[in-house]
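> Each residue of the sequence shown is one higher than the last, beginning at 2 in the working numbering. Glycine is no exception: its CB is placed at the ideal position from the N, C-alpha and C atoms. For clarity, every value in this text was computed on a predicted model and none was experimentally measured. Below are the structure tokens for one structure; questions will follow.
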Amino acid sequence: KRDPAGTGQEVPVDAALQEKADIFLCPVYEINKMMYFNGNDAVTLEKTNGQIIDIFAIIGPPMTSADNGWGNINDTTITYNSGGVPTSYTISNYNVGPLFWLAWTKDHTLIRKTNVTYGVTENPDPYFVVDVQWDSIPKNTFDSLGAHYCDCTGIGIYENQPVVNLDVYPNPVNDNNFTIESDQAIISVEMFDLTGRIVEKIELGANTFKGNFTIKDDFKGVLFVNVNFENASTQTRKLLVK
2 KRDPAGTGQE VPVDAALQEK ADIFLCPVYE INKMMYFNGN DAVTLEKTNG QIIDIFAIIG
62 PPMTSADNGW GNINDTTITY NSGGVPTSYT ISNYNVGPLF WLAWTKDHTL IRKTNVTYGV
122 TENPDPYFVV DVQWDSIPKN TFDSLGAHYC DCTGIGIYEN QPVVNLDVYP NPVNDNNFTI
182 ESDQAIISVE MFDLTGRIVE KIELGANTFK GNFTIKDDFK GVLFVNVNFE NASTQTRKLL
242 VK
């Protein structure tokens, strides 16, 4: 969230993380549930048609909201001191349960190992073993966001995809009108304000390479413009509307 006075679920975003962002999305849970997950939740990366590109963790039980995520120990009984009382807990399914100090996921940053060159497209069976594909480091480490440093060959998913040349002008915008021009066909344009609220979404006709757009007269400030192309790629530009 972006309220500097926020507490609890409204606590403001870490400043270092905010610097990494190139778009702010709607923070309302009922509208944008994807903004809410933590170290005991499974997450999928999907195309707009529902095709799964990658799965983090394992979807479904036995993980519950009371558990503290996944670790790298299984089928092991741990005896610990709980309020002065010796207590035992048996780790199963790599779920650390109440043993938060053994978690690799909750309150940690995970970085994909360099030998991982493609996503997980099937739910892990029977377990999610976190240390097979992930390194666990202290939480709020943001220096690897936006990239995966991998031992990949020169042949990648973008090799046969043309580079999109995109021009959005003028910037700054002085009369609430701007132009988008590209060498790839544009299918839609989405505009967001700094809070992630959608200002406008425009669907375009086939073979549209250039368009003129008008921003609402009462809008002033920073505007993020997502340009979606027919080749399934997206580019974002930041405009200053005066």
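Measuring only the C-alpha atoms, how far is G1 from N50?
The requested residue 1 does not occur in the structure, where the chain is confined to residues 2 to 243.
> For the candidate residues P63, T215 and A43, whose alpha-carbon lies nearest to that of I181?
Taking only the C-alpha atoms, the option nearest I181 is T215.
> Leaving out the 5 sequence neighbours to the left and right, which residues in its chain are closer than 6 Å to G70 when beta-carbon positions are compared?
Closer than 6 Å at the Cβ level, and outside the excluded window around G70, lie G40, N41, A104, T106 and K107.
> Which term fits Y30, buried or exposed, when burial requires 16 or more other beta carbons within 10 angstroms of its beta carbon?
Y30 is exposed by the Cβ-count criterion.
> So P28 packs on K2, CB below 8 Å; how close in whole Å?
With 8 Å as the limit, P28 and K2 qualify as a contact, their Cβ atoms being about 6 Å apart.
> Below 6 Å CB to CB, which residues in the same chain sit around D184 once its five sequence neighbours on both sides are set aside?
Here the set comprises N166.
> Ignore the nearest five residues each way along the sequence and tell me which others in E231's own chain have a CB closer than 6 Å to its CB.
If we look at E231 and ignore the five residues flanking it on each side, its Cβ neighbours are A186 and I188.
> The beta strand (DSSP E) with E191 in it runs from where to where?
Unbroken beta strand (DSSP E) run through E191: I187 to F193.
> Helix, strand or coil for E160, going by three-state DSSP, please let me know.
Since pLDDT at E160 reaches only 46, below the 50 mark, its modelled position is unreliable, and the value read off the structure follows with that caveat. E160 falls in the coil class under three-state DSSP.
> For the segment 79 to 88 against the segment 54 to 63, are there 3 or more C-beta pairs whose distance is under 8 Å?
These segments do not touch.
> Near Q236, which residues of its chain fall below 7 Å by C-beta distance, leaving aside the five closest residues on each side in sequence?
Closer than 7 Å at Cβ, skipping near neighbours: V165, L167 and V228.
> In angstroms, rounded to a whole number, what distance separates the CA positions of V131 and P125?
Each residue's alpha carbon lies about 11 Å from the other.
> Shorter than 8 Å from the beta carbon of T65 to some beta carbon of chain D?
Of the chains in the structure shown, none is chain D; there is only one protein chain.
> In whole angstroms, give me the CA-to-CA distance for T110 and K34.
T110 and K34: Cα-Cα distance of roughly 21 Å.
> Indicate the three-state DSSP secondary structure (helix, strand or coil) for L18 in the structure shown.
L18: helix per DSSP, three-state reduction.
> Taking only the alpha-carbon atoms, compute the straight-line gap between P87 and C151 and give it to the nearest angstrom.
Distance between the alpha carbons of P87 and C151 is about 44 Å.
> Could you have a look at K202 and say whether DSSP puts it in helix, strand or coil?
Correct three-state label for K202: strand.
> Can you name the start and end residues of the beta strand (DSSP E) that D168 belongs to?
Here the beta strand (DSSP E) through D168 covers L167 to Y170.
> Beta strand (DSSP E) containing C136: first to last residue?
The question names Cys, but residue 136 in the sequence shown is Asp. W135 to P139 is the span of the beta strand (DSSP E), which, as asked, contains D136.
> Determine the closest residue to N213 out of A16, A6, P171 and D23, with distance taken between C-alpha atoms.
When each option's Cα is compared against that of N213, the closest is P171.
> Whole angstroms are fine: how far does the CA of V200 sit from the CA of K239?
Their backbone Cα atoms lie some 14 Å apart in a straight line.
> If I measure Cβ to Cβ from P99 and keep anything under 7 Å in the same chain, skipping five residues before and after, which residues do I get?
Counting only Cβ-Cβ distances below 7 Å, and skipping sequence neighbours, we find N69 and Y90.
> Here's a check: name, in chain order, each residue in its chain whose Cβ is nearer than 7 Å to the Cβ of D15, leaving out the five neighbours to either side.
N141, listed in sequence order.
> In angstroms, rounded to a whole number, what distance separates the CA positions of K243 and N178?
Looking at the two C-alpha atoms, the distance is approximately 11 Å.
> Report the three-state DSSP secondary structure of V86 (helix, strand or coil).
Strand, per DSSP.
> Measure from the alpha carbon of F210 to the alpha carbon of each residue in N175, V169 and K202, then state which is nearest.
It is V169 whose Cα lies nearest to the Cα of F210.
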